[in-house]
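**Q** Before I ask anything, here is the structure I am working with.
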Amino acid sequence: MDTIRVRFAPSPTGSLHIGGARTALFNWLYARKNSGVFVLRLEDTDTERFIEAAAEGIRSTLRWLSLDWDEGPDKGGPFGPYVQSERKALYTAEAQRLLEAGGAYCCYCTPEELAQQREEARKKGEVPRYSGRCRHLTEDERQAKEAQGIRPALRIAAPSEGTTVVEDLVRGEVSFDNRVSFDDYIIMKSNGMPTYNFACVVDDHTMGITHVIRAEEHLSNTPKQSIVYRALGYPLPQFAHVPMILAPDRSKLSKRHGATAVEEFREEGYLPEAIVNYLALLGWSPGDEREVMGLKEIVSMFSLDSVSKHAAIYDVKKLTWINAQYLSNLPIERVVEVALPFYQARNLVSDHPSTPEMGYVTRVIDAVRTRIHTLVELADASASFFTEDYPYDEKGVRKHFTKDGVAEILARGRAALARVESFTLEETEKAYREVIEEMGISGGALIHPTRLALSGRTVGPGLFDIIVTLGQGKCLARLDRAIEFVKTCKA
Ligand code: GLU
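Read in order, the letters of the sequence shown correspond to residues 134 to 624 in my numbering.
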C-alpha cells in the first residue's frame, strides 16, 4: 500500500485555537498510527499578508503539543515549498492548463457589476450566485474586454445540474445538489492569487496527500474542490470531516465561552499532555470508558472509524479535570520541568536554582500537586513555602486563631515537633497524636490552626506533608510567629 500522507493546513492569521489543534492532532494521530507522513502547509494566499509571527506561533504551539511534522516550513521535504505564497507559479500553470482545456474561463465582471448581479438575485429571492455571464462571451467580446485592459479573474466552469457525491470516511456518502452547492466560483483572482478552493486542491495533489482530514466546517468546500480534481484529471484523495466543536449550550464556540487559544491554556498552566488528551476526545473515543490516556496509547487505538459524526461539546471543566489528573500522576520530574517557569515568574525560585534549591522545590511541588488543577494554581498554592512573611487567610484566622486556648494548643504542638528526632511523616504524626490525646482535644483543634500557622491557608496538602516538606527549623519558627500573632487576635 502507498504511504499515507496527511496534512494540516492552517492559515497564518492568528493563534492556534482548540479547533485547529484538534484537526492537527487527528491528522498527526492518523499519520503516526499508520506509519504515514504528516505535512504542515501554511495557507496564506487568501490572507492580506503573511503574518510571520502568527506562522511561528502556530509552529511553536504544535511543537509544544508534541505534534511534530515530517515535512513543512523550516523542515523542508520533497514536495516543498510548504508555504502557498511561494507556490504561485504552480497555481498559475495549473490554472492555465484548466483554461486551455475549457474547465475554466476568464471573467471580466467588475466588483460593481457583481454587486449588481447579487442585488438582482436577492430581489428575485434567489441565492446569490455568479450569473455565468462571462462563461458565454464570444471570442470577439473577450478580445474587446482585453483591449480595455481589464485583468480577468479565472472562474471554474462548474456543472449547474445534477449532484456531486462526496465519499467521506466519517460521514459516509454526502450528496450535494449542484444547482445550489456552488456556482462558477473564482479560482484565480485578477491579482494572480489563487483562492483557497483551488490552491488547496493543487497542493493536496502535488504534495501526494492521500487523506484530507479536516473540520466539518469545510465539508461544503469538498464538492467545490471535487470539481477541480476532476477538471485537472487528479485522482480524488480520501476525505474525512471531523465533527464540529460546539460550546456547552450547543452554540458556535466563540470568545464569550472563555479561552479557546491553545496559547492561553499554556499561560494558565495547562500541560500539553492534558491538552492533547482532551483534544483527542473531541470527536473520538477509544470505545470504552477510558478518558486519561497518553499520546502513545491514543496513537495505538486511533482510527477514523471511531471518529463520531456528532458534534463534540467543548467542556473546559473536563479539560481542567484531565489537567489535574496529569499534575497528580505524571513523574514528578516532568511536573517540576513544566512548573518551574511558573515559580520563577513569581520569583519563588531563582533563575538558576542550585541543587538544594531544586530539591526543595521538587518536594514542595510533590506535596502540593494533588488537589490542584493548573500550574498557576500550583505556584499560587505553593507561595507560602518560599517566604516567611506570608499572610494568614482571614476567614481562617476568625475560625481557628480566635478560639480559646489556641495559643496553648499551638505551643504544645510546637514542643512536640521540637522533640522529634527523625522528622518523617510517621514520627511527626505520632508526636501530634500524642498531644491530641494528652490534651483530650479533637484532632481538628490542633491540625487546623497548625495548617494555618504553617502555610497561611486553610486548604492544601496533608498537614504532615507540609510539616515534613518545610522541615523542623521552619516549622518551629513559623509556629512561634503564629503563637505571637494569635495573642494579638481578639475572640
Ligand atoms: N486553510 C484552511 C483553514 O485554515 C485549511 C482547510 C483545509 O484543511 O483544507 O481552515
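Backbone N, C-alpha and C define an ideal beta-carbon position, used for all residues, glycine too. Only a predicted model underlies this, so the values are computations on that prediction, with no experimental measurement involved.
Determine the closest residue to glutamate 527 out of Ala472, Leu437 and Phe618, with distance taken between C-alpha atoms.
**A** Checking every option, the nearest Cα to that of glutamate 527 belongs to Phe618.
**Q** Taking all protein chains shown into account, decide if leucine 558 is buried (16 or more other Cβ within 10 angstroms of its Cβ) or exposed.
**A** Per the 10 Å Cβ criterion, exposed.
**Q** Quick check on the burial criterion: 16 or more other C-beta atoms within 10 angstroms. Buried or exposed for proline 524?
**A** Answer is exposed; the Cβ neighbour count stays below 16.
**Q** For glycine 147, tell me which candidate among Thr393, Ser199, Pro211 and Thr453 has the shortest Cα-Cα distance.
**A** Of the candidates Thr393, Ser199, Pro211 and Thr453, the one whose C-alpha sits nearest the C-alpha of glycine 147 is Thr393.
**Q** With a threshold of 7 Å on Cβ separation, who are the neighbours of glutamate 294 within its own chain once the five nearest residues in sequence on each side are excluded?
**A** If we look at glutamate 294 and ignore the five residues flanking it on each side, its Cβ neighbours are Asn311 and Arg312.
**Q** Answer with buried or exposed for isoleucine 465, where buried requires no fewer than 16 other C-beta atoms within 10 angstroms of its C-beta.
**A** Exposed, by the Cβ-count rule.
**Q** The ligand GLU and serine 144: does any heavy atom of the ligand fall closer than 7 Å to the residue's C-beta?
**A** Answer for serine 144: yes, Cβ within range of the ligand GLU.
**Q** Kindly indicate the opening and closing residues of the alpha helix (DSSP H) around serine 515.
**A** Where serine 515 is concerned, the enclosing alpha helix (DSSP H) stretches over 508-515.
**Q** Do the segment 142-160 and the segment 392-411 touch if we need at least three Cβ pairs shorter than 8 Å?
**A** A contact exists between the segment 142-160 and the segment 392-411.
**Q** Closer than 7 Å: is that where the CB of tyrosine 329 sits relative to any heavy atom of the ligand COA?
**A** This structure lacks the ligand COA; the ligands present are the ligand GLU.
**Q** Between Leu412, Ile289 and Ser384, which lies nearest to lysine 357 when the distance is taken from Cα to Cα?
**A** Ranking Leu412, Ile289 and Ser384 by Cα distance to lysine 357 puts Ile289 first.
**Q** Mapping DSSP to helix, strand and coil, what is tyrosine 241?
**A** Three-state result, tyrosine 241: coil.
**Q** Can you tell which of Thr495, Arg389, Leu508 and Ala157 has the C-alpha that lies nearest to the C-alpha of valine 601?
**A** Minimum Cα distance to valine 601 is reached at Thr495.
**Q** What does the Cβ neighbour count give for asparagine 160, buried or exposed, with the cut at 16 atoms within 10 Å?
**A** It is buried - the Cβ of asparagine 160 has at least 16 other Cβ atoms within 10 Å.
**Q** Would you mind reading off the limits of the alpha helix (DSSP H) that contains isoleucine 431?
**A** 428-434 is the span of the alpha helix (DSSP H), which, as asked, contains isoleucine 431.
**Q** At a cut-off of 7 Å, would you count glutamate 176 as near the ligand GLU, judging by its Cβ distance to the nearest heavy atom?
**A** Under cutoff, so the answer is yes.
**Q** Around the C-beta of alanine 514, are 16 or more other C-beta atoms found within 10 angstroms, so that it is buried, or is it exposed?
**A** With 16 or more Cβ atoms within 10 Å of its Cβ, alanine 514 is classed as buried.
**Q** Can you name the start and end residues of the beta strand (DSSP E) that methionine 321 belongs to?
**A** Where methionine 321 is concerned, the enclosing beta strand (DSSP E) stretches over 319-321.
**Q** Answer with buried or exposed for serine 461, where buried requires no fewer than 16 other C-beta atoms within 10 angstroms of its C-beta.
**A** By the 10 Å Cβ count, serine 461 comes out exposed.
**Q** Taking 6 Å as the limit between beta carbons, can you name the residues of its chain near valine 216, skipping five residues before and five after?
**A** Taken in chain order, the residues that qualify are Leu175 and Pro206.
**Q** Quick one, which of Leu437, Gln249 and Val335 has its alpha-carbon nearest glycine 213's?
**A** For the residues Leu437, Gln249 and Val335, the minimum Cα distance to glycine 213 belongs to Val335.
**Q** Got a sec: does the ligand GLU put a non-hydrogen atom nearer than 7 Å to the Cβ of histidine 344?
**A** No, the ligand GLU has no heavy atom inside 7 Å of this Cβ.
**Q** So the alpha helix (DSSP H) histidine 581 belongs to, where does it begin and stop?
**A** Here the alpha helix (DSSP H) through histidine 581 covers 576-588.
**Q** Does lysine 528 come out as helix, strand or coil in the three-state DSSP assignment?
**A** In the structure shown, lysine 528 sits in a helix (DSSP, three-state: H, G or I).
**Q** So, leucine 543 versus alanine 586, is the Cβ gap smaller than 8 Å?
**A** Yes.
**Q** Could you pull the DSSP bridge partners for glycine 205 from this structure?
**A** Note: glycine 205 sits in a beta bridge opposite Gly209.
**Q** Start and end of the beta strand (DSSP E) containing leucine 287?
**A** Segment 286-289, the beta strand (DSSP E) holding leucine 287.
**Q** When you compare only the Cα positions, how much space is there between tyrosine 411 and alanine 187?
**A** One C-alpha to the other measures close to 24 Å.
**Q** May I ask you to verify whether the segment 451-461 touches the segment 369-387, counting CB pairs closer than 8 Å and requiring at least 3?
**A** As far as the Cβ criterion goes, the segment 451-461 does not touch the segment 369-387, which means the pair count is below three.
**Q** Going by C-alpha distance, which of Arg590, Tyr163 and Pro474 is nearest alanine 373?
**A** That would be Tyr163, whose Cα lies nearest to the Cα of alanine 373.
**Q** Should histidine 351 be listed as close to the ligand GLU, given that the test is whether its C-beta is under 7 Å from any heavy atom?
**A** Histidine 351: yes, Cβ under 7 Å from the ligand GLU.
**Q** Do valine 170 and arginine 192 have their CB atoms nearer than 8 Å?
**A** Contact: no.
**Q** Find out if the Cβ-Cβ distance for the pair aspartate 340, valine 449 is shorter than 8 Å.
**A** It should be pointed out that residue 340 corresponds to methionine in this sequence rather than to aspartate. No, the pair does not count as a contact, with Cβ atoms beyond the cut-off.
**Q** Does the distance from the CB of proline 582 to the CB of phenylalanine 534 come in under 8 Å?
**A** Yes, they are a contact pair.
**Q** Pick out the complete beta strand (DSSP E) segments inside the segment 134-196, 3 residues or longer, and give them in chain order.
**A** For the segment 134-196, whole beta strand (DSSP E) runs of length 3 or above, ordered along the chain, are 138-141 and 170-173.
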